[in-house]
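Numbering (our numbering), first residue to last: 55 to 303.
In this text, a Cβ means the ideal position worked out from N, Cα and C, and glycines have one as well.
Here the structure is laid out as structure tokens; the discussion comes afterwards.
Laid out in structure tokens, this is it:
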């Protein structure tokens, strides 16, 4: 007679897709969702970082979100193993600060490609199925810089204003189908985003601001994301702005 105790069964949770999952907010969100029992599709450009998270039931794929076909293929693969995607966290993004009169044009292109077109590629990959099932949630990571302007943020802020505008329009478009669209707008967060800025003077000014305030951690934002998703499907938290208490602007 087998007297071994039964192994606990993880609650059946639907597939969640997280873009930009290799670090920062994406990695923290992946850990939080995994902790709640969700199988995951983790997308990012650095496979080693995705694998280093060591999360169970996680498919990791090195995918640039600007490649719509690659994003769609990864989603189809994950759905064939774990069932339909019920949550997309569109987190992948780049922040390249600088003055418009001096900033390299290729930095504008990169922000527009990743922050705007990349977000749309994620939406396109999951939305038809969500509409068909009349169930699902898209969470787009915007920014406080998508609600107000800051010096040296012109192009970055423009892409985040686009995220907020597209998210609200999409919400109106899909709400009759039972699908939720949520915008999470963080203030300054302790991530690697600033390190990608090539203007050293602008970077130094922003770092000085970060050092003056106890800014958000990626886990703080992940908590906001999971809170919005946990609400009943009939409830949409349309936009959630979360920032450090000491961040005045």
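Considering only 143, 292, 303 and 227, the residue with the shortest C-alpha distance to residue 74 is 143.
The straight-line gap separating the alpha-carbon atoms of residue 78 and residue 245 is approximately 5 Å. By the Cβ-count criterion, residue 157 is buried, with 16 or more other Cβ atoms from all chains shown falling within 10 Å of its own Cβ. Comparing C-alpha distances from residue 263 to each of 136, 160, 252 and 248 shows the shortest one belongs to 248. Leaving aside the five residues that flank residue 171 on each side, the residues in its chain whose CB is nearer than 7 Å to its CB run, in chain order, 120. A straight-line Cα-Cα distance of about 10 Å links residue 127 and residue 115.
When Cβ pairs closer than 8 Å are counted between the two stretches, the stretch 174-188 is seen to touch the stretch 233-244, the count reaching three or more. Residue 252 is classed as exposed because its beta carbon has fewer than 16 other beta carbons within 10 Å across all chains shown. Shown here, residue 234 sits in a strand according to DSSP, grouped into three states. For residue 87, the enclosing alpha helix (DSSP H) starts and ends at 78-89. For residue 207, same chain residues with a beta-carbon under 8 Å away, outside a window of 5 residues either side, are 151 and 199 in chain order.
In its chain, beyond the 5 residues on either side, 71, 129, 139, 142, 190 and 192 have a beta carbon closer than 8 Å to the beta carbon of residue 180. Taking residue 279 as reference, the option from 265, 294, 269 and 266 with the minimal CA-CA separation is 294. As DSSP reads the structure, residue 161 sits in no beta bridge. Beta-bridge analysis with DSSP links residue 98 to 116.
Between the alpha carbons of residue 86 and residue 113 lies a gap of roughly 16 Å. Inter-residue distance for residue 285 and residue 194 is about 16 Å (C-alpha atoms, whole angstroms).
Nearest to residue 111 by C-alpha distance, out of 101, 154 and 66, is 66. In the three-state scheme derived from DSSP, where H, G and I count as helix and E and B as strand, residue 269 is classed as coil. Secondary-structure assignment with DSSP links residue 240 through a beta bridge to 296.
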